[in-house]
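Peer 1: Please find one structure pasted underneath; my questions will follow.
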Amino acid sequence: MAERLDISTSYLKKIVQHLAVAKIVRTVPGRDGGIVLTRDPHEITLLDVFDAIEGHQPFVKNTGLVNKVFGLKRKQAFVATYGLKDFKDQQPVANVMAVFHQAEAQYRRQLATLTIGAVLPMDGTQALQLDWTKWLTR
Numbered sequence: 200m201a202e203r204l205d206i207s208t209s210y211l212k213k214i215v216q217h218l219a220v221a222k223i224v225r226t227v228p229g230r231d232g233g234i235v236l237t238r239d240p241h242e243i244t245l246l247d248v249f250d251a252i253e254g255h256q257p258f259v260k261n262t263g264l265v266n267k268v269f270g271l272k273r274k275q276a277f278v279a280t281y282g283l284k285d286f287k288d289q290q291p292v293a294n295v296m297a298v299f300h301q302a303e304a305q306y307r308r309q310l311a312t313l314t315i316g317a318v319l320p321m322d323g324t325q326a327l328q329l330d331w332t333k334w335l336t337r
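Sequential numbering of the sequence shown, starting at 200, is according to this note's numbering.
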């Protein structure tokens, strides 16, 4: 699979492990083993997969870069240097963070609307079951 996906085997193992912990896939040992879904593909959303691999951490975190760039730890000196009267240092950062959080919420809502089953190649009404060994040795 790693070869077909053009990724390292260690990265593939890491991804499969995340998916297994989230009970999206399970591994079947042995000669005829492999990786199989644990549920109907129409019950597994892209959000389930995304969360399993990426986690639930926010996409964007306030790193304090604005404070560092403008030296806002020394706000009084900054205000005095530039002769500012009504300086609002944190509102622009809060506005930007709010936009990113809204975008992330919308992204997650969209991922939740699409299932793996909706994106699988179909053979009539049945999702194709891929035998990667056959596929790779062609």
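Even glycine gets a Cβ: it sits at the ideal position worked out from N, Cα and C.
#1: Under the criterion of a Cβ to heavy atom distance below 6 Å, does I243 qualify as lining the ligand PLP?
#2: Note the first and the last residue of the continuous alpha helix (DSSP H) segment covering T280.
#3: Give every residue of the same chain whose Cβ lies closer than 8 Å to the Cβ of N156, excluding the five residues on either side of it in the sequence, and list them in chain order.
#4: Taking the alpha-carbon positions, what's the V235 to E253 distance?
#5: Would you check if there are 3 or more beta carbon pairs closer than 8 Å linking the stretch 236-250 to the stretch 216-224?
#6: Under 7 Å, do R311 and T208 count as touching if we go by C-beta distance?
#7: Can you give me the start and stop residues for the beta strand (DSSP E) that T227 sits inside?
#8: Start and end of the alpha helix (DSSP H) containing L211?
#9: Roughly how many whole angstroms lie between the Cα atoms of T324 and Q256?
#10: Whole angstroms are fine: how far does the CA of V298 sit from the CA of Q305?
Peer 2: Let me lay it out:
#1: With respect to the ligand PLP, the structure shown offers nothing to examine, as it has no ligands at all.
#2: K274 to Y281
#3: Because residue 156 is not part of the residues shown, which for the chain are 200 to 337, the question remains open.
#4: 20 Å
#5: yes
#6: It should be noted that the sequence gives Ala, not Arg, for residue 311. Contact: no.
#7: It should be pointed out that residue 227 corresponds to Val in this sequence rather than to Thr. V224 to V227 is the extent of the beta strand (DSSP E) around V227.
#8: T208 to V220
#9: 37 Å
#10: 11 Å
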